[in-house]
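**Student:**
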Amino acid sequence: MFKRKKLSGAVVAAIASMSCASVALAQDATLEEVTVTGIRASMERAMDIKRDSSGVVDAISAEDIGKFPDTNLAESLQRITGVSIDRVNGEGSQVTIRGFGADMNMVTLNGRTMPGGSAFGGGSGAGTTRGGQSRAFDFANLASESVRGVEVYKTGKADIASGGMGGTININTARPLEDPGFKLSLGAKAVSDTTNLNGDDYTPEVSGIFSWTDDSERWGVSLSGSVQERDSGSAGATVNDWNIGRWGQDNLYSFTDDAQITNAPEQGQLYVRPNDIRYTWSDRERERTNAQATFQFRPTDNITGTLDYTYAENRLTEFRSEQTLWMANGSSVAEVEFDDNIVATPLFVRETNLTDKDMGFEQQWREQEDTLNSIGFNLDWEVNDAFSLALDVHDSSMESLPVGPGNSGSIDISLGAPVVAGQSWNFGGDVPGANFDLDDSGKANGGNTPGQLDAGDFGSQVARVWYASQKSDISQFKLDGSYEFDNGRFDFGIEDRSTEFLSRQSNRQWTLGDWGINDAGAAGLADLLAPFSLSSQFDDLGFAGDATNLGFRTSDPMGLCNWAVENYPRDGDAACSYTDNWNSNNKVEEDVQGVYFQVAVDSTLGDFPVSYLTGIRYESTTSTSTSEVLKPAHLLWQDNNDFSRTDTDEKVSLTVENDYDHLLPSFDFSIDLREDLKGRFSYSKTIARAGLGSLAAVPSGWATNGSTLNGANPAADETNPLLIPFESDNLDLSMEWYYGDSSYVSLGFYEKRVDNFIGNEKEDRTFFDMRDVTAGPRAEEAISALEADGVPIDDTTLFSAMVVKQYQGQPGVTFPSECGDLTSSLAGLANPDCGAKIGSLEDADGNALDLSPNSDDPLMVFETTFPTNQKSASIHGFEFAVQHFFGDSGFGVQANYTTVRGDVGYDVNADPSEIQFALPGLSDTANVVGIYDNFGIQARLAYNWRDDYLMSITQGATDARFVEAHSQWDLNVSYEVNDNLDVFFEGINLTEEDVRHYSRNTRQLWFAEELGARYQIGARYAF
């Protein structure tokens, strides 16, 4: 006789009381009564779920989560084969399944689709910021203590909503009527983060779980909640961009006449130049609050109503300081040595003969709050012994909103000290080493101690206030039915799901002392700064050579912003608050209607028991993309390679509609070759919708890093709201040997053949009649004059020549003495000290000598990148897992390894003009967990490893950002003092492994961050 099994019911039934430290489980797995408790019991239940499920499913029970040293669910999910995670500030954040990133996976809560999104840091871009256009669910918002169980579906099923091409993760919460009686558990932890410098050494975490039903078990209520605070710090390093070109064709370096070039690239060989190196220090605070409430009512034996509410809030605060040495590149490179890579990368660069060249000390304050609200109602009606219906409705929202001063997401104040006479970079280590030669003599404003970098050397540049938000709302209605017959079951259902995504970004910027730092020694600034050595904060990551050990930092970032507003009033709208003059304002609406049918049959094939599950799902989707953007006027040329966008007051809006439908079949087959040996075959078709950032309806990102006449290519981005979803045909084959009550071995092969992969195309386009000041008659006239006077032509000399011709003789305009007499000849512009100062000049009214285009200039042609559905690819791999307990000794081991392969790699040696298609996130992963569970002691020592993987294909000029292989050791030990009280110790990242991102090779650093260990000690008491 067929026995009905609903996976959601199986997990809930399998999970015993979370509020108790250990649970007895009576299990009829081998026709005898076996009682196991603790870790072993939870792993045994997870194994049974895997064994009894249709398709490829893995699960974790609540005890399993509670016993891992995991701060959130992502840390637990990474222990599952095929699952890997991204970390932010050392905590698990987003999940990749079988090589498909978080945007391509579905996360559900009690079977309901959950909204995603995170916009921390907004458009500021530095460090680990996020732009706010993501479908991905951020697991850092959820504490693990309040969750009862998790299922990971790696194969498609007709009764699972579309969107999880990589897989679907279902999170289950408590149901009081399924665990009747009175339950109460309280827990407390003290959290210590070894990276903390300025916060509290110990921060609290408290949690509680309450469940109650009446004596007749007709109604019940469960409540759970947790609050955790974490203070941490982080030393990091970034390179803003890697410029790439061909040796002898693209002049990325401006050399002195006697420059020393070691191991020069071959003619035409690809080579790179970094823009800068930035050392950073961040003080971070996180406060996470979770709460869940569930009310159940069973008026009759066959009707159960459930009303539940979930709340999660994650508030992030970061104070970040930078110390930057940027490459002047004005005929000042005296020495460079290249390595032997195919794309030649500098090992060492030295610039000399600089005058008043500045080093930067930007101060950044960020605050963001992510809030999840989900309320749902479920009505389950068992019409008779064979037929049942289930109605489920919910409304869920995720808001990621800036909550800083003035509703800002990030306030950045750029400071600098114009004291650099020479500088060098060494790229031989984990982190490039940077040094400079100090010359602070002759400062116009005084106030400094000669020969020493101090606060009197500092001035200001610009102030920027960033805003980025994302709001995601989902309303979902489902009606499911099930009819049982002999040896089988027929399932059917309908669904209506409406989703709305709204993302906004803005940027307020005003000029202070300008990029040339015209206010060195500005009154009041020194009082807001204190010495702080950023480079000396690095303990683990090795510098290449000696690193500059000087730096300054404010202790009052908001005071610094207020100082900027008070002392630079010429910008009337300057304020330490956001502006609602949106740079981008995008809304994407998706309405999905679906229907499915599914048949499950238990039968025999010869002498072997077999199970079939076959189904089909039809979905129709209508999408509407609405975007609004400020119409840009032009790019303002402010200095050699400094441009800023000037917008009009006109807003441009556009709405584009799209519709598509899909027929999604699925088939699962399993055969019991022996009582302990199971084989599986699965086929399914799944889809994943395009990323929200690709579905906006207007262009963006107009920028350039130099003059067109000198070879620079202005760039822009355009989106495509007519993109259709990825489609994947999925094949799974696996064999599972369950050779003990708690032990098994499994080996599986999977393949995904994906169509409609999104790739980028490039095309030259013009936008909004924007004109190019660097390519018009004035620029051509300046080049002719420079050539006539024998001045080398680069962006510095071209800009300077155009400024001289436009502004010479105007009131208050005096050119530096280093330029000589410019009235009759431009020869003085050949002096690098001249060009270094012209970019910071002002007229009598304090206006910068910037260059704007006019009607004589040509339209600016942007190399525009836009997404299209253009690629097909195949991904395949193996998943191996073993779980074994050594008799009754209490010792056990759990291990797995996953491979991911495919024709979707990135060619790091390709020309940057070549359009490449690659899938981020593909990497092998491995886990090994040692377990002990006996005599009231429970312990886990867990090792996790993830290989190098491609993170992004849109990073900077080289279009590649890889994450270096990362491994981590975690430890959890608990002791059962008595039946009610547990005490425990947890350690995360015991060996203090760091994170590092790189470009085309490992020397081309994008981002490095030192991470430390976190320790937690606490107790749980169950009543």
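FYI, the numbering for the sequence shown is 205 to 1227, going by this note's numbering. Note that the Cβ used here is the ideal one computed from N, Cα and C, for glycine as well. If you're wondering where the values come from, they're calculated on a predicted model, not measured in any experiment.
Would the segment 1024 to 1037 count as touching the segment 553 to 567 if we require 3 or more Cβ pairs under 8 Å?
**Tutor:** At 8 Å Cβ cutoff, the stretches touch.
**Student:** Only counting the same chain, and skipping five residues up and downstream in sequence, which positions put a Cβ closer than 6 Å to that of T442?
**Tutor:** Excluding positions up to five away in sequence, the list reads R482, F1211.
**Student:** Would you mind giving the Cβ-Cβ distance between F1066 and A919, rounded to the nearest angstrom? I have them listed as a contact below 8 Å.
**Tutor:** 6 Å between Cβ atoms; contact.
**Student:** Please say whether D684 and D342 have beta carbons closer to each other than 8 Å?
**Tutor:** No.
**Student:** Counting C-beta neighbours from all protein chains within 10 Å, is the total for Y1220 16 or more, i.e. buried, or is it exposed?
**Tutor:** At residue 1220 the sequence reads Gln, which differs from the Tyr that was named. When all chains shown are included, Q1220 counts as buried.
**Student:** Would you decide whether G385 is buried or exposed? Buried here means 16 or more other CB atoms lie within 10 Å of its CB.
**Tutor:** So G385 counts as exposed.
**Student:** Measuring alpha carbon to alpha carbon, tell me which residue in N771, L716, N722 is nearest G728.
**Tutor:** Measuring from the Cα of G728, the nearest candidate turns out to be N771.
**Student:** Output the boundary residues of the alpha helix (DSSP H) element that contains M1064.
**Tutor:** Segment: none, M1064 is in no alpha helix (DSSP H) and carries neither H nor E.
**Student:** Which residues in the same chain have their Cβ closer than 8 Å to the Cβ of D846, if we skip the five residues on either side of it in sequence?
**Tutor:** Cβ neighbours of D846 beyond the five flanking positions: W719, G1043.
**Student:** Going by DSSP, which residues form a beta bridge with N845?
**Tutor:** According to DSSP, which records beta bridges pairwise, N845 is partnered with nothing at all.
**Student:** With P408 as the anchor, note down where its beta strand (DSSP E) starts and where it stops.
**Tutor:** First-last of the beta strand (DSSP E) with P408: 407 to 417.
**Student:** Skipping 5 residues on each side, what residues in its chain have a beta carbon closer than 7 Å to that of T828?
**Tutor:** Around T828: E793, T859, E861.
**Student:** Quickly, what does DSSP pair R969 with across the bridge? List them, please.
**Tutor:** R969 is bridged to F1066.
**Student:** Mind pulling the beta strand (DSSP E) runs of 3 or more residues that sit fully within the segment 588 to 658?
**Tutor:** Taking only runs of at least 3 residues, the beta strand (DSSP E) segments lying wholly in the segment 588 to 658 are 591 to 606, 614 to 630, 637 to 642.
**Student:** So is L896 buried or exposed if we call it buried at 16+ other beta carbons inside 10 Å?
**Tutor:** Buried: at least 16 other Cβ atoms inside 10 Å.
**Student:** Tell me Q572's beta-bridge partners as DSSP assigns them.
**Tutor:** DSSP, once it has assigned bridges, lists L520, P606 as partnering Q572.
**Student:** On the DSSP bridge list, what partners appear for D863?
**Tutor:** D863 is bridged to T826.
**Student:** Under 8 Å by Cβ, that's how I've got G763 and L732 pegged, so tell me the actual separation to the nearest angstrom.
**Tutor:** G763 to L732, Cβ: 6 Å. Contact.
**Student:** Measuring CA to CA, which of G994, D599, S707 is closest to D700?
**Tutor:** When each option's Cα is compared against that of D700, the closest is D599.
**Student:** Quick check on the DSSP output: the beta strand (DSSP E) that includes Y1011 runs from which residue to which?
**Tutor:** Where Y1011 is concerned, there is no enclosing beta strand (DSSP E), although the alpha helix (DSSP H) it sits in stretches over 999 to 1011.
**Student:** Count the C-beta pairs between the segment 793 to 802 and the segment 694 to 713 that are closer than 8 Å, then say yes if the count reaches three, no if not.
**Tutor:** Taking 8 Å as the limit for Cβ pairs, the verdict is that the segment 694 to 713 does touch the segment 793 to 802.
**Student:** My guess is that A538 and P469 are in contact by the Cβ rule of under 8 Å, so how many angstroms apart are they, rounded?
**Tutor:** That belief does not hold up - the Cβ atoms of A538 and P469 are roughly 18 Å apart, past 8 Å.
**Student:** According to DSSP, simplified to helix, strand and coil, what is I465?
**Tutor:** Looking at I465 - three-state DSSP - the assignment turns out to be strand.
**Student:** Does the beta-carbon of A992 have 16 or more other beta-carbons within 10 angstroms, so that it is buried, or is it exposed?
**Tutor:** It counts as exposed.
**Student:** I'd like to know whether the C-beta atoms of S604 and S322 end up nearer to each other than 8 Å.
**Tutor:** Cβ distance < 8 Å, so S604 and S322 count as in contact.
**Student:** Would you mind stating whether V1132 and Y1153 have Cβ atoms separated by less than 8 Å?
**Tutor:** Not a contact, by the Cβ cut-off of 8 Å.
**Student:** How many angstroms separate the CA atom of L1215 from the CA atom of R1200?
**Tutor:** Cα to Cα, L1215 sits roughly 11 Å from R1200.
**Student:** Looking only at C-alpha atoms, which of S1117, S831, A638 sits nearest to D968?
**Tutor:** When each option's Cα is compared against that of D968, the closest is S1117.
**Student:** Could you compute how far the alpha carbon of N276 sits from the alpha carbon of S710?
**Tutor:** So the two alpha carbons sit approximately 31 Å from each other.
**Student:** Please classify I617 as buried or exposed, where buried requires at least 16 neighbouring CB atoms within 10 angstroms.
**Tutor:** Result: buried.
**Student:** Using 10 angstroms around the beta-carbon of L706, count the other beta-carbons present and answer buried if the total reaches 16, otherwise exposed.
**Tutor:** With 16 or more other Cβ atoms within 10 Å, it is buried.
**Student:** Quick check: the Cα distance between D865 and A1169, rounded to an integer number of angstroms?
**Tutor:** Going by the C-alpha atoms only, they are around 39 Å apart.
**Student:** Which residues bound the alpha helix (DSSP H) around G1228?
**Tutor:** Since the first residue of the chain shown is 205 and the last is 1227, residue 1228 is not available in this structure.
**Student:** What does the alpha-carbon distance come out to for the pair T300 and G370?
**Tutor:** So the alpha carbons of these two residues sit roughly 8 Å apart.
**Student:** Assuming E688 and A590 form a contact by the criterion Cβ under 8 Å, report the distance between their Cβ atoms to the nearest whole angstrom.
**Tutor:** Going by Cβ atoms, the distance from E688 to A590 rounds to 5 Å, so yes, they are a contact pair.
**Student:** Under three-state DSSP, which class holds S904?
**Tutor:** Here S904 sits in strand by DSSP.
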